[in-house]
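Okay, here's the thing in structure tokens:
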């Protein structure tokens, strides 16, 4: 996919485009305001009357307001047909006090460039047509006036094209900068994960491995020396717990070193492991569009959040069944975990605020906010909890999306194949 495909049509306006063209929009609006200020002075000096002053004052807000708050309201201005039509009409009206003056060509050129910048070439030319027609008839003086008007109209067309090209270049530069920043952030995150993995391997993992061997030896020695059966059983349970902790640590080390790219498989595997360990059936559904929108960065966050939410279900919910859904909603990746347990309680109901909930739920909220998203806990109709975590989609190039539905239960058997819609689908039968 090249830049033109990522950027979409010239008139497409998103947050990135709004920020990219903001400085140019403000500059052109300031040029228009400067011309209007000159026109106001000329109208007062020439005694043009209140009509000329009124026309200048009428046109000023269409430049002053966008220059003031384009960063927050730019998409509204660019998409609102009434505002665009109003700016077109006011631009023509603003030329009346400037008739026959070189300032008319300057104002028309700045206006045409502004329209081309955020509206694109086609719409910009349509909007600039009244300006061109007025300039062709707004100069007096025979052939000299006709030539001057034609030159002004031609300049208006050229400036519309120039504004369009400037908008494209600014958008392209913004995309390149965003991709470079994302690549650097991914590299920094990878380096941090690898450093953390090395530290865990050299400290916690090694200590747990040694402790596991020591506890196993202790249990065998107690058995040989005829210790009480309860003492031997406790020692073996302690050994099992240490081995489980060691396995979890090694799994975490592997996840830190891996760069996940298959969201559907990752969610299915996480649900399967949790279900096998707890004996609670879990059904996972991943929208193919979510797998395409998540990207490696969001996929890692989805895995971490899902793992924590499932642990919360195991520790606190007392659920008999869990549902997991990953979908794309309003250009964001939404993870929803539903259980039929005891419910969230008043401390967690609604949007999780600062300091609310246990450490696990705080971690979920903080991770969501780190990505610019949010997390909510709501009671489920009929009993239980619905946790919804929303993460803004990560822009990236991808091939065909993969997704599917995975039903996981204790001792589940898994098979894979093609669904009716030719998507990658995984299913599991509960034994």
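In UniProt numbering, the protein residues as written are 1 to 431. For glycine and all other residues, C-beta sits at the position ideal for the given N, C-alpha and C.
Could you pull out every residue in the same chain whose Cβ sits closer than 7 Å to the Cβ of residue i, ignoring the five residues on either side in sequence?
| i | result |
| --- | --- |
| residue 143 | none |
| residue 92 | 130, 131, 134 |
| residue 4 | Low local confidence applies: a pLDDT of 38 at residue 4 is under 50, so the model's placement there is unreliable, and no value is given. |
| residue 70 | 22, 25, 26 |
| residue 55 | 93, 94, 96, 97 |
| residue 238 | 215 |
| residue 241 | none |
| residue 245 | 208 |
| residue 370 | none |
Would you mind giving the Cβ-Cβ distance between residue i and residue j, rounded to the nearest angstrom? I have them listed as a contact below 8 Å.
| i | j | result |
| --- | --- | --- |
| residue 17 | residue 171 | 5 Å |
| residue 120 | residue 164 | 6 Å |
| residue 509 | residue 387 | Residue coverage of the chain in this structure runs from 1 to 431, which leaves residue 509 outside it and unanswerable. |
| residue 53 | residue 45 | Contact flag wrong, Cβ pair sits at about 12 Å. |
| residue 379 | residue 343 | 5 Å |
| residue 127 | residue 84 | 7 Å |
To which residues of the same chain is residue i closer than 6 Å at the C-beta, ignoring the five residues directly before and after it?
| i | result |
| --- | --- |
| residue 333 | 290, 293, 294, 298, 391, 393 |
| residue 104 | 95, 98 |
| residue 29 | 63, 66, 67 |
| residue 372 | 392 |
| residue 223 | 232 |
| residue 337 | 309, 324, 387 |
| residue 153 | 132, 135, 136 |
| residue 116 | 124, 160, 163, 164 |
| residue 14 | none |
| residue 274 | 310 |
Do residue i and residue j have their CB atoms nearer than 9 Å?
| i | j | result |
| --- | --- | --- |
| residue 335 | residue 322 | no |
| residue 109 | residue 155 | yes |
| residue 460 | residue 317 | Limits of the chain in this structure are 1 at one end and 431 at the other, which puts residue 460 out of reach. |
| residue 167 | residue 21 | yes |
| residue 113 | residue 160 | yes |
| residue 304 | residue 384 | no |
| residue 235 | residue 219 | yes |
| residue 314 | residue 270 | no |
| residue 38 | residue 74 | no |
| residue 107 | residue 184 | no |
| residue 101 | residue 58 | no |
| residue 365 | residue 374 | yes |
| residue 263 | residue 204 | no |
Looking at the structure shown, is residue i part of a helix, part of a strand, or coil, going by DSSP?
| i | result |
| --- | --- |
| residue 332 | strand |
| residue 322 | strand |
| residue 386 | strand |
| residue 95 | coil |
| residue 60 | coil |
| residue 268 | helix |
| residue 435 | No answer is possible for residue 435: the residues shown for the chain start at 1 and end at 431. |
| residue 283 | strand |
| residue 327 | strand |
| residue 342 | coil |
| residue 352 | In this prediction, residue 352 scores a pLDDT of 45, lower than 50, which makes its location untrustworthy; the coordinate-derived value is nonetheless stated afterwards. Residue 352 falls in the coil class under three-state DSSP. |
| residue 16 | helix |
| residue 412 | A caution first: residue 412 carries a pLDDT of 37, below 50, which makes its placement in the model unreliable, though a value can still be read off. In this structure, residue 412 counts as coil in the three-state DSSP scheme. |
| residue 423 | Here residue 423 scores only 31 on pLDDT, less than 50, and its place in the model is too uncertain to base an answer on. |
Counting only the same chain and skipping the five closest in sequence on each side, list residues whose C-beta sits under 8 Å from that of residue i.
| i | result |
| --- | --- |
| residue 329 | 390 |
| residue 19 | 71, 174 |
| residue 36 | 56, 59, 60, 63, 94, 107 |
Mind checking if residue i is an interface residue toward chain D, Cβ cutoff 9 Å exclusive?
| i | result |
| --- | --- |
| residue 177 | The structure shown contains no chain D; it holds only a single protein chain. |
Inter-stretch contact at 8 Å, needing at least 3 Cβ pairs: the region 191-205 / the region 170-182 = Verdict: no, contact absent.
Assess, as a yes-or-no matter, whether the region 244-255 is touched by the region 205-214 under the definition of 3 or more beta carbon pairs within less than 8 Å.
-> With the cut-off at 8 Å, the region 205-214 and the region 244-255 touch.
Stretch pair the region 53-64 + the region 84-91: three plus CB contacts closer than 8 Å = By the criterion of at least three beta-carbon pairs nearer than 8 Å, the region 53-64 is in contact with the region 84-91.
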